[in-house]
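Trainee: Numbered by the working numbering, the letters in the sequence shown go through residues 119 to 290 in order.
Even for Gly, the Cβ is constructed at its ideal location relative to N, Cα and C.
Only a predicted model underlies this, so the values are computations on that prediction, with no experimental measurement involved.
Below is the structure I would like to discuss, written out as C-alpha cells.
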Amino acid sequence: KSVQTIKDRLYDYVTKENIDLNSTTYYTLANVCSYRGEYAQALEHLERALALALAADSKEDMCYAIHGLAAVYWSLGRTEDALKEIYNLRVFFQVLKLPDLEISSQILNGYILVSMKRYDDAVEVFWKAFEALKNQKNMYTYCSLLFAMGYAYSEAGDVDMAKTYVRLANQM
C-alpha cells in the first residue's frame with residue numbers, strides 16, 4: 119500500500135509540475151508494476167521507456183527497456199514475444215558491453231526455454247551464462263543462476279540434479 123501511495127504522489131507531482139520523465143524512470147516504474155503483478159501497466163511503461171530511448175538514441179536504455187519487455191511477456195505467457203525480444207538484445211550485445219544485463223538476459227532466456235519445455239536448450243543457455251559469470255564475480259547473480267539451473271533440471275524431471283544445484287545456491 120505504501121508503494122502505491124508513493125507512486126501516486128510522484129505521479130501527481132510529475133503531472134502538476136509538467137516534468138518529463140526519462141527512459142530509466144519509466145523502466146523503474148515498469149519494474150515496480152511488474153513486481154506487483156500489474157503487467158499491463160508495466161508494458162505501457164516499458165513501451166514508453168523504449169520510445170524515449172529510441173528518441174534519445176540511448177542504446178543502453180533501449181537494452182534495459184527490451185529486457186523488461188521480454189520479462190513481462192514471459193510473465194504473461196507470451197513466450198514467443200519474449201524470445202523475440204531476447205534475440206533483439208543479442209544484436210545489441212554484439213556491439214555494446216553491458217555484462218550484467220547480458221547475463222541477466224541469458225538467465226531470462228533459460229527460464230523462457232524451460233517454460234517452453236525446451237530443457238536441454240535452457241541448460242545450455244544457463245551454462246553459457248555461467249561461463250560469462252566467471253569473469254563478473256557477482257554473487258547474487260551466481261546464486262540466481264544456480265537456482266535457475268536447479269529449476270530447469272526439476273522441470274525436466276531430474277530431481278537429483280535439481281537438488282544439487284538448489285543446495286549449491288543455498289550454500290552461497
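Just checking, does the segment 205-213 make contact with the segment 243-251 on the three C-beta pairs under 8 Å criterion?
Mentor: no
Trainee: Consult DSSP for glutamine 122 and reduce its assignment to one of helix, strand or coil.
Mentor: helix
Trainee: If we ignore side chains and look at the alpha-carbon of each, how far apart do serine 223 and alanine 189 end up?
Mentor: 9 Å
Trainee: Drop a sphere of 10 angstroms on the beta-carbon of methionine 267, count the other beta-carbons inside from all chains shown, and report buried for 16 or more, exposed for fewer.
Mentor: That one is buried.
Trainee: Taking the alpha-carbon positions, what's the glutamate 273 to methionine 234 distance?
Mentor: If you draw a straight line from the Cα of glutamate 273 to the Cα of methionine 234, it is about 11 Å long.
Trainee: Tell me whether the beta-carbon of alanine 167 lies closer than 9 Å to the beta-carbon of glycine 155.
Mentor: no
Trainee: Below 8 Å on the Cβ atoms is my guess for leucine 201 versus glutamate 178; work out the distance and round it to an integer in Å.
Mentor: Contact flag wrong, Cβ pair sits at about 22 Å.
Trainee: Specify, as a first and last residue, the run of the alpha helix (DSSP H) that glycine 268 falls within.
Mentor: 257-274
Trainee: Short of 6 Å in beta carbon distance, which residues of its chain neighbour glutamine 159, apart from the five on each side in sequence? Order them along the chain.
Mentor: Excluding sequence neighbours, glutamine 159 sits near Cys151.
Trainee: Exposed or buried, isoleucine 137, counting other C-beta atoms within 10 Å across all chains shown (16 or more means buried)?
Mentor: The residue in question, isoleucine 137, is exposed, as its Cβ has fewer than 16 Cβ neighbours within 10 Å.
Trainee: In three-state DSSP terms, what is serine 223?
Mentor: helix
Trainee: Determine the burial state of serine 193: buried for a count of at least 16 other Cβ atoms within 10 Å of its Cβ, exposed for fewer.
Mentor: exposed
Trainee: For glutamate 220, does the count of other Cβ atoms within 10 angstroms reach 16, so buried, or fall short, so exposed?
Mentor: buried
Trainee: If you reduce the DSSP assignment to three classes, tell me which class lysine 104 lands in.
Mentor: With the chain represented from 119 up to 290, any question about residue 104 goes unanswered, as that position is not in the structure.
Trainee: Starting from asparagine 140, follow the alpha helix (DSSP H) in both directions and report where the run begins and ends.
Mentor: Asparagine 140 -> no alpha helix (DSSP H), and no H or E assigned at all.
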